[in-house]
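Working notes, structure below.
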Amino acid sequence: GKYYCHDVRVIRLPRHGASCPIGMAVSCSADRNVLGKITTDGIFLESLELDPARFLPAATEQVDNAVPIDLNRPMKEIQADLSKYPIRTRLKLSGTVIVARDMAHARLAEMLDRGEPLPEYFRNHPVYYAGPAKTPAGMATGSFGPTTAQRMDPYVDRFQKAGGSLVMIAKGNRTPQVTQACKDNGGFYLGSTGGPAALLASEHILKSQVRDFAEFGMEAVWEITVKDFPAFILVDDKGNDFFTSL
Numbered sequence: 685g686k687y688y689c690h691d692v693r694v695i696r697l698p699r700h701g702a703s704c705p706i707g708m709a710v711s712c713s714a715d716r717n718v719l720g721k722i723t724t725d726g727i728f729l730e731s732l733e734l735d736p737a738r739f740l741p742a743a744t745e746q747v748d749n750a751v752p753i754d755l756n757r758p759m760k761e762i763q764a765d766l767s768k769y770p771i772r773t774r775l776k777l778s779g780t781v782i783v784a785r786d787m788a789h790a791r792l793a794e795m796l797d798r799g800e801p802l803p804e805y806f807r808n809h810p811v812y813y814a815g816p817a818k819t820p821a822g823m824a825t826g827s828f829g830p831t832t833a834q835r836m837d838p839y840v841d842r843f844q845k846a847g848g849s850l851v852m853i854a855k856g857n858r859t860p861q862v863t864q865a866c867k868d869n870g871g872f873y874l875g876s877t878g879g880p881a882a883l884l885a886s887e888h889i890l891k892s893q894v895r896d897f898a899e900f901g902m903e904a905v906w907e908i909t910v911k912d913f914p915a916f917i918l919v920d921d922k923g924n925d926f927f928t929s930l
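Numbers given in the working numbering equal positions in the sequence shown, counted from 1, plus 684.
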């Protein structure tokens with residue numbers, strides 16, 4: 685959203701009831717399910733699993749069969765290429781990607797409200813829901829992992845009908861409205877793995893620059909050049925959704 689929160693400290697003040705209500709959001713919107721309570725005995729937070737990987741089955745699938753996708757082509761050609769493959773297909777994306785998330789989407793919607801077209805860059809390239817961390821010296825960008833996609837769901841059908849968001853990259857499931865929009869408009873939603881943001885930046889993002897709305901800081905529109913960027917098809921142009929097939 686609009687602000688980053690790096691630390692939360694709760695201080696109980698005995699004198700005023702206004703100090704009692706406290707809200708805390710943990711991690712991204714996909715993980716805001718931690719229980720907490722404040723009583724006369726103290727402050728209590730639910731204990732979280734520290735090693736969730738122990739619940740996962742051992743990896744058995746080979747991961748070297750990803751399909752290369754050239755993004756430096758007209759959008760129609762990219763869509764036609766993706767349409768050949770079923771959901772779950774692993775991809776290696778190479779080429780130009782536009783990065784835009786919450787604030788940029790709101791600004792683009794305002795442009796449509798005024799009767800203006802979506803910018804050409806937004807219509808010509810896939811959109812990655814993300815925002816970079818500070819760029820270390822000698823690197824093309826800082827950590828650059830995907831954000832949770834559902835916050836952008838209300839924009840998808842409208843943007844696709846205006847020629848944008850036809851190939852989206854992010855993490856997490858989408859609402860049925862997005863699946864229907866992709867079916868109606870020939871769109872695709874590609875999943876990117878949440879977690880290895882630094883790895884994505886160091887090994888798969890070659891170049892990064894602000895393209896629009898620089899006043900938004902890390903939520904500006906960025907243009908990045910990627911090579912073999914890992915992704916997989918989650919929603920296709922035929923109405924198939926990976927998450928509903930589980």
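Beta carbons are placed, not taken as given, at the ideal position from N, Cα and C, and that holds for glycine.
Ranked by Cα distance from Ala737, the first of Ile762, Asn924 and Gly879 is Gly879. Taking all protein chains in view, the Cβ of Gln861 is surrounded by fewer than 16 other Cβ atoms within 10 Å, so the residue is classified as exposed. Residue pairing of Arg774 in beta bridges, as defined by DSSP: Phe916.
Shortest Cα-Cα distance from Glu761 to any of Ala865, Gly871 and Leu740 involves Gly871. DSSP, reduced to helix, strand and coil, places Arg858 outside both helices and strands of the structure shown, so it counts as coil. In terms of CA proximity to His809, Ile782 leads the group Ala790, Ala821, Ile782 and Gly720. About 5 Å separates the Cβ atoms of Ala854 and Pro830, confirming a contact at the 8 Å cut-off. One Cα belongs to Asp725, the other to Phe828, and the distance between them is close to 41 Å.
For the 9 Å CB-CB criterion, Leu802 and Gly875 do not form a contact.
The shortest C-alpha to C-alpha distance from Phe897 to any of Leu729, Leu792, Ala882 and Asn924 is the one to Leu792.
A distance of 9 Å or more separates the beta carbons of Gln834 and Gly799.
Contact between Met836 and Tyr805 is ruled out by a C-beta separation of about 17 Å, above the 8 Å threshold.
Separation of Ile771 and Thr928 (C-alpha to C-alpha, rounded to the nearest whole angstrom) is 11 Å.
For Tyr769, there is no enclosing alpha helix (DSSP H), as DSSP marks it with neither H nor E. Spanning the alpha carbons of Gly720 and Leu732 requires a straight line of approximately 12 Å. Judged by their CB atoms, Ala915 and Leu740 are not nearer to each other than the 9 Å cut-off.
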